[in-house]
Every structure is written in structure tokens, then in C-alpha cells.
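All remarks here apply to the structure that follows.
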Amino acid sequence: MALIQELDTGTPIRLAPLQVALTIDGRQVSVPAGTSVMAAAATMGTQVPKLCATDSLEAFGSCRLCLVEIEGRRGTPASCTTPAEEGMVVRTQTPKLARLRRGVMELYISDHPLTCLTCSANGDCELQDMAGAVGLRDVRYGEGGANHRDAPTDESNPYFTFESSKCIVCSRCVRACEEVQGTFALTIEGRGFASRVSPGGTDFFGSECVSCGACVQACPTATLNENSVIRMGKAEHSVITTCAYCGVGCAFKAEMQGEQLVRMVPSKHGRANEGHSCVKGRFAYGYATHKDRITKPMIRERITDPWREVSWEEAIGRAASEFRRIQATYGVDAIGGLTSSRCTNEETYLVQKLIRAAFGNNNVDTCARVCHSPTGYGLNATLGTSAGTQDFASVGEADVILLIGANPTDGHPVFGSRLKKRLREGARLIVADPRRIDLVKSPHVGAEHHLALRPGSNVALLNALSHVVVTEGLVDEAYIRERCDLDAFEAWARFIADPRNAPETSENVTGVPAAEVRAAARLYATGGNAAIYYGLGVTEHSQGSTTVMAMANLAMATGNIGRRGVGINPLRGQNNVQGSCDMGSFPHELPGYRHVSGDAAREIFEKLWGVGLRDDPGLRIPNMLDEAVQGRFKGIYVQGEDPAQSDPDTQHVTAGLLAMECVVVQDLFLNETAKYAHVFLPGSSFLEKDGTFTNAERRISPVRKVMSPLSGHADWQITMMLSDALGYPMRYDHPSQIMDEIAATTPSFAGVSYEKLERLGSIQWPCNDAAPAGTPIMHVDRFVRGLGRFMITEFIPTDERTGARFPLLLTTGRILSQYNVGAQTRRTENSRWHAEDVLEIHPFDAESRGVVDGDLVALESRSGAISLKAAISDRMQPGVVYTTFHHAKTGANVITTDYSDWATNCPEYKVTAVQVRRTNRPSDWQARFYEEDFSLTRIADRLDAAE
Amino acid sequence: MTDAAPKLARMANQIAAFFRSYPEEEAVKGVHGHIKSFWSPRMRLDLAARLDDPDLPVDPLVRAAFAMDPELGTPRLPASTR
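Chains as they are written, first to last, in the numbering used here: chain A, 85 to 1031; chain B, 628 to 709.
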């Protein structure tokens, strides 16, 4: 294996139907019109010397190193800023060019420390390469003149160092921050010789920098360099793999020294990210080798006992015998399991297989239950498939973007950057969100309409938007006639045209002025390609599924499904939420979203698995917990999930876990759920196994093993061991064989194989005979269900109401630097940006309670109480408070209730009636947490390391 | 042991509230189909056992769904299920 070197064409290769042919150094080459001479040369293998150019950025033309000669033109134009033209004859190497380039390099090197042998970029420095390329042998200017060799070094960022003495002021970092990331945190300060890169007059950590790493990647020298590279040196080989954080699913090169990870570098060939990254995927991988990792299996009789390290045989044997004992005592349905959206498709498939085939029931669920299960229900009911309609690149062709209940610059940062880029190109944005998220107004982008609705009124708002479309004659009648169920449309149109759905009526519910709603609806319907992107602000409501259907109605009514630039796109929370759903993790569905009652689908698996399968739905997570409290559900196998922190109404969750007789947790860490466990099976990180993840755009991407599992086994192997011990042996030597089984049994994956993934890089399902290379855009000629079905979406207020006791509404979410329950990111330097969860509260609500910024406040609901610090923010609307759930010790879900979506039981995280008051102590729950954080996590009797 | 029925009734009533927008026959079928597709047999049994309880607020559409198909409330459970 070697380091993967990606071709840098210097400037982007344009996408244009017209090709132009030119001659470079005597060879003919043809490129799309608009492509630069530099990039044209690169496509034929000729690297024109360059410093300020890199193909993730537009041409800049400042370094004067890429000069070429062109027949018929005077002078020596820069090849990066000169478009290739038909018939052009170019020479990239002449004595004159060599002389000019040496002169340029001589000037650069005259103000650059010549410490190459000890420099962190030694062997990976474009300045060094260019000095070699132009044959620089001497610098005539001496060392006595003005220079920047004493310029300061900024080590404030935990992940990279800014050594400005090595800066050549090529502006690649500044441009990367603008063009790729869209944050505009960097600038060039000063003029002429005094020009220096600056993070806005402060240090990097204190600046607006979001640590995406784009500047570090763009830097051609050691000026911006990863601390891990400074510490460890250059990697010797690299492997392409897929990020294990959010649902964007970025492709990375894991750059390695042996089995040690040196750095993660985003891959240009990753179609989800196209060379970009965020602070989590790029830098926050230290958790994988954190000292808190549990690497030995452990068991205990009671949860109050200390854990005891045991052999794999003993731990697996205990889990299997307990599960069988429970089934013999309480019935076959008394146990179940949870698959993980953080594990691979193959692992998820095996867990549901274990439960259906070895447990003998359908009690399998996944964390998608508590995030995007309404997406599956709503899109399936209207369009016929449980997934988003577009690829991410499609947003580049959107003219109007309706963003509902999502905060992509925090939750899905790499997609957020794509979105901002399109907005800078002129697309128009409508944001529907109770909070003023960053995209409402940030550098060079802004929302044309911010529909700051009250939490819980999504359906009323979407109905009002559709009301305007229908009553103002903005419906795409031809599209509906051709593509949709006309009876359903007519019934829906009558419903939606009713005055109760008019913006003027719903204004009382949503709080959004009718005129703003009407203007937004007109923009969505008439502004060109209109695309909807949404997140958990849509789904995590008692009407989550209804909202998804209301969005589908709006998109169908305006003809905005079935081509590039439009569609309905869920932004999935975790890396493999889509995949875990695809793999049959829901208790009513087999892989490929086929209901368990369907004889034909069931028979496929029964034949292959050699066992009869149940035809009735099993229990969902909340149902399992309810039945546990009722004394009927007694054992659970939890792979890579932490319901004790992530699921709502924590005290109900832990009551359920406490009532069980055997809780088996398979995870990297002793998480919150493990406090209630009897068997702990040490899991493996995404770096320690092969497999695939499926992202929010249905893209199946390879996960590749770069180091040995710390526990000795990958998660799929642990599931196999458990299945063996339960008397249902599974035989797979490699995850590719599991994928072969998935392909053989699941029509939408029929054409997927590891060989094809190796060849294509990634594949968007459906992938079958009809679409052998996958399907970037769904529903192109017809909807998957045949005719698109409009659903009637009556607004029904949630039962969760404010009142005298709980007058405020709490809504929860996430921030950029932390991820989900924080088990990974809290064990990285990311916590320097977000060391604790805080309560965002509007100044009016704070003032009326005597709360000042930083005060400790008690947050109370009918479910429970916690204490946390207040952060006064006018991003909130009066009457609404907000917090995150990243820190277990905060216990945000102690506050949330057991109310849930009518169709899927997805919890209503986004609407909880609360009160806020000043306090000076932790809540009773928190005091108990601190005590149990010690008492329920003790480990005794460590096995000898040699065992 | 807590009583499962009140929560199940609330869930069923939420389902009924969605389907109420449709003509009654379609609404009853909708409620029936949803419960049959997504609820475990035990959950259906637990609610069915309490449908006659006057203290349990159950939407008429839910009652109609169970009345339409007696098997909805009397599912076959595996022999070993307690």
C-alpha cells in the first residue's frame, strides 16, 4: 500500500457540453469549454508549476509560476486564468519560462525559512516541490533584508498550527475558507510586503473559524499543518474510507503509519463531500483510541456489582444462556434488540437476522425510531419509497431552497457548505425554524424569508404554504395530471383550499405573519427549481409523519419532484440512519422495506436462513420499554446505541432497563445504557472493520479497516458469536459475503457488490438491472408507488401544552462540534468548543426570571428537572428555550416527554412545556447521576493483558 | 405492573385523529390497517381487552376498526408467549 495521491488539476474542470481541442507541448487535448489551460494540461499528465492554484478553488493568478507561452499571444499568460480555446497552441516548458519561474521561486524562497529537513511538511510541501521543479539552485538576495521569519506561530487551535513565518501569502487558505467552506473567517491583513493571512484580527480559536480543515488542506506549505503530522511525521500509506459521524457520509483518506492513524484527509473523489470536511470527520477521531475504550468483555450479576472482565466465551455464553432462560420463563417475545445507525449495513443486517431467526421474534428496532422514522412513513405513503429523492450535488441546480427544521451548518456541515455555495451563486432561501439559525443571516448568504414558527406548528405552516399554491393558481396542473392520483389530489385540494388552512388563519397558530407565508409560497412555487431540505425539526413531533406528507404534497403540487435541483431531502442525523432502515431494522419490515406479513418476501429469507419467520410486527423501542416497565419484556441486545441518553423521558427509559433481567450492551465505551447492563461486549470503531455505510442521499460507501480491532473482533463477528451460542450459527468470513446476501434478498440492492463499490467508489440505491450504476435522482419518470398520492394533512395540535406551571416551550438540537450523545466527540478536543450543554433563552424570558447570562438555572417539565447554565440569546423567540443533548451529565432528555409521532412513535423532542428559574444546585436526578456515574461503572478483576 | 391500556389508547386515538380527515369507511380502514401493520399482537390484545372500559377514552374510529375485524383484537400469539 502507498499514499493515495489525487491529481490536482490546479483549477476545476468545467462541466460543459462543448469541448474545445488545443495543443499543449505538441500533444492534442480536448476539454470542456471554460476549462483553464492549466487544467487541460493536467488532464494529459502535464503539471504546470503552480503555487496559488489548486483545483478546489477558482483561479487566482497571483503566484506567477504557471506562466505559459501561447502562439499568437504576447507575453507569458498565467495558465490558471487563461481558458483553453479551440486551436490554441501552448508551450509549458521553454527556456524563457524556466528563467521566469526560477526568478519567481527565488523571490519566494528569499523570505522562507530554509529548515526543510526538520519541517513538518518535509516531503509533502508544494513550495519544496516547485523549487525542485524549476531547478532553483541559489537565492541571490541574502538573508539580511526584511523578512517574516520571526512572524508568530498560532497554536490556539487544538488540531492544527498556523506557522505564519512559513506563509507565502498565496491566499489559498483564505479562498478555501470563502469558496469551499463559506465561513469567511480568514483574510489578508495589511498591504504589499506587510500582507499576512489573519483569522480576523484574533487567534484561530477565538475567530469565526469552524475548524473544517479546508485551509489546512489548501495550504501548499507547512504554514497550516495538522498537529498530528507535526507530532508524528508523514504517513506512509492511506486507505479510502467513510466518515462515521453525520448522515453526509464524507469519503476520507485515512493516512496511516502502520496501524497508527496520522490524519484524515477528505477525498476529492468522495461524491458526498467532493474533498471537503468538517471538524468532526477531519479531526475528531481520537475517541477511537481513547483510554476509555473498553476492550475486554465483562459481565456482572447485578448492576450494582462491579464489572468483571471475562473471556469472550464466558461473556457470550452468559448473554445467550440468559436470553434463552428469559424466553423459557417469560415467553419468546420477552427479548429483543437494537441495531445501530453507527454500525455498518452488514452489521445491522446481521443483528436483525439474529433477532428474527435466532430470537424467533420481530422485536428489532433502531435509533432511526427516534429521528427519521416519520420520513420513512411519510415519503413511503406519498411517493412510494422511504428515502430522499436527490443526490447532494443536486442542490447546485436548485433556484429556491426551502429549509425546514434543519440547521445544516451545525448538523450537516459539509452539505451546509454546498448549500451556502449555491446561495452565493444566487439561489434564494426560505428558512422555517423557531430559531434564527446561522443560515438566516451569515456572511454573503441570507434567507429571503425566515418563517420563525412556534414549535409544534409545522403542519399548519406547510398547509398554509400549500393553501397559497392552490388558491392562487400556482399548481403545476400538467405534472399532476401526468404523475399523480387525481382523486387523491382533488380531495386534498378541496381540503387545503379551505379557509382554515389560509395563512391568515394559521398565523394565530404558527406566529408567522400571513404576508410572509404568502410571499414564501409564491417564491417556492414560481422561483424555478425548488428543493426542500429538512431535519429532525420536522420529524420529532407528534405530527412528524404528517409534516413529511405535507412537504410531499407541496412538492408534488408544484411539480418539484423527479429532476435535478428539486426534491424532498431528509438530512439524516447519524452516518448510517438510512442504511439501518434499509437493512430491516424496524420491527414491521424486512430488509428493503417489505412488511413482515408479506409471504413472498418472508419466504425469501426463510428459505435462505432455514428457519420460519414471524409474520406479525414486533415491538418498537418505546413499546419495549413500556412492556419492560409492565414486567413482560426482560432482555435486550443493544449494539452501538445509547437509549439511556438519547431517548426521551430518561427516567422512563432507565426504569425499563432496570426492570430487565439481562441487558447486553455492545459498544466502544461504558455508555449510559451500560450502567444498566449485565453483559458488556466491547465493540469496534469504524477504523477497525470493513463494511458499508449508506448516507442521506442513499449512497452506499465503503468502510475500510485500517487497524486491528482493539477488542480482537469486529461487531459483525461478535453478533455471529452470539448467534452461534444461541444455536443459530452464521457463517461469514468477510462482510462482502454479508453484502452478497443482502443483494440476493433485497431488490433495491440487487446490483450492489464490494467489487462494484471498489470500481465505482460508491453507489446510490436502487442499484439493479434497471440501474446498474445506481440512482442519483428518484421518481424521474414516475413515482415508485406509481401515481403520487396526496395525503390530507389536518393540523392537530400536540397534547403538550404550555400553562401556568410550564409556560415556556423547550426545543432541543445539536451543535457543530459535538455529535449526538457525545460519546465520541466528548472524548476529543472538540469539547473545547462545547464543554457543556447550555440553555439558550430570549432576553425577555431571562429578564422576567431574573436570569443573567451564565446563571445556573433549573429547567423543569412534567417529566423531570435538570440544572444547566443559561445563555441569553436573541436567536430564540420569546417563549421558546433551546438546549443540546450532547452531555450525559446534563440530562436534557430527563426533561423531554413520552409524547410521540402518531404513526411511528418517533418522540416529540422538539416540543416540551417547561419552566426556568434560577437555582444554585444540581437537580436530584443530576445528583443521582453523579453518584451512579461511579457506582454503576466500577470495574474489578481485570484480566491479565496477556489473556 | 403498570396498566398498558391508557398509553395504547392515547396512541390509537392519535392514529384515529389523522384518519378522521377521510370519509368514515376509509378512516376506519386506515386505523385498522395502521394498527395491524405497526402494532405487536400483544399491544392489540391489551387495547382490545379494555375497549369496553367506559373510563378509558377511546376514539369511536378505533372501536370501529376493532369491530370491523375481530381478529385485530384477538391475534394469535406464539405458544410460548406469556
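Glycine included, C-beta positions come from ideal geometry on N, C-alpha and C.
- The shortest C-alpha to C-alpha distance from leucine 699 of chain B to any of B:Val658, B:Arg647, B:Phe646 is the one to B:Val658.
- Secondary structure remark: continuous alpha helix (DSSP H) runs of at least 4 residues inside the region 717-780 of chain A, in chain order: 727-730, 734-742.
- With a threshold of 16 other beta carbon atoms within 10 Å, histidine 528 of chain A falls short and is exposed.
- Close to histidine 659 of chain B, with beta-carbon spacing below 9 Å, lies no residue of chain A; the smallest spacing is near 14 Å.
- Closest in alpha carbon position to cysteine 254 of chain A, among A:Leu607, A:Tyr192, A:Ala604, is A:Tyr192.
- Between isoleucine 400 of chain A and glutamine 411 of chain A a beta carbon distance of about 17 Å is seen, past the 8 Å cut, so the two are scored as non-contacting.
- The beta carbon of glycine 228 of chain A sits closer than 7 Å to no other beta carbon from its chain once the five residues preceding and following it are set aside.
- At least one C-beta of chain B is nearer than 8 Å to the C-beta of serine 626 of chain A.
- With respect to chain A, the C-beta atom of methionine 695 of chain B has no partner C-beta closer than 8 Å.
- DSSP, read as helix, strand or coil, puts glycine 897 of chain A in strand.
- When beta bridges are read from the DSSP output, methionine 382 of chain A appears opposite A:Glu393, A:Phe764.
- Phenylalanine 246 of chain A is bridged by DSSP to A:Asp238, A:Leu308.
- Near chain A, meaning a CB-to-CB distance below 7 Å, the residues of the region 634-658 of chain B are Lys634, Gln641, Ile642, Ala644, Phe645, Ser648, Tyr649.
- If the five residues before and after alanine 907 of chain A are omitted, its C-beta is found closer than 6 Å to the C-beta atoms of Phe753, Asn755, all from its own chain and listed in chain order.
- Contact note: arginine 690 of chain B does not reach chain A at a C-beta cutoff of 8 Å; the least C-beta distance is about 17 Å.
- For valine 479 of chain A, there are no neighbours in chain B by C-beta distance under 8 Å, as the nearest C-beta there is about 31 Å away.
- Taken in chain order, the complete alpha helix (DSSP H) segments of 4 or more residues contained in the region 424-467 of chain A are 429-437, 457-466.
- Interface flag for arginine 669 of chain B against chain A is set, since a Cβ pair is found closer than 8 Å.
- Two segments are said to touch when three or more pairs of C-beta atoms, one from each, lie closer than 8 Å; by this definition the region 978-996 of chain A does not touch the region 928-942 of chain A.
- Short of 6 Å from the beta carbon of threonine 909 of chain A, and not among the five residues preceding or following it, lie these beta carbons of its own chain, in chain order: Ala368, Gln902, Tyr903.
- Taking 8 Å as the cut-off, the Cβ atoms of glutamate 745 of chain A and glutamate 406 of chain A count as close.
- Cβ contact annotation for valine 498 of chain A (same chain, cutoff 6 Å, sequence separation greater than five): Val332, Cys334, Asn357, His360, Cys362, in chain order.
- Per DSSP, the beta bridge partners of cysteine 568 of chain A are A:Gly872.
- In this chain, the alpha helix (DSSP H) harbouring methionine 804 of chain A covers 799-809.
- The alpha-carbon separation between glycine 872 of chain A and aspartate 853 of chain A amounts to approximately 24 Å.
- If you draw a straight line from the Cα of proline 458 of chain A to the Cα of histidine 374 of chain A, it is about 35 Å long.
- Pairing asparagine 613 of chain A with serine 425 of chain A gives a Cβ-Cβ distance that is not under 8 Å.
- Within the same chain, and ignoring the five residues on either side of phenylalanine 244 of chain A in sequence, the residues whose Cβ sits closer than 7 Å to its Cβ are Val300, Leu308, Asn309, Glu310, Asn311.
- DSSP, reduced to helix, strand and coil, places glycine 557 of chain A outside both helices and strands of the structure shown, so it counts as coil.
- Beta-bridge analysis with DSSP links histidine 533 of chain A to A:Ile514.
- Under DSSP, the beta-bridge partners assigned to lysine 953 of chain A are A:Val922, A:Leu940.
- When CB distances to chain B are screened at a threshold of 8 Å, not a single residue of the region 730-747 of chain A falls below it.
- With the criterion set as a beta carbon lying under 7 Å from some beta carbon of chain B, the members of the region 865-880 of chain A are Ile876, Glu878, Ile880, in sequence order.
- Interface flag for proline 681 of chain B against chain A is unset, since no Cβ pair is found closer than 8 Å.
- Identification of residues in the region 684-695 of chain A having a C-beta nearer than 9 Å to some C-beta of chain B yields an empty set.
- Restricting attention to A:Ala105, A:Pro133, A:Tyr329, A:Ala471, the CA atom closest to the CA of valine 188 of chain A is found in A:Pro133.
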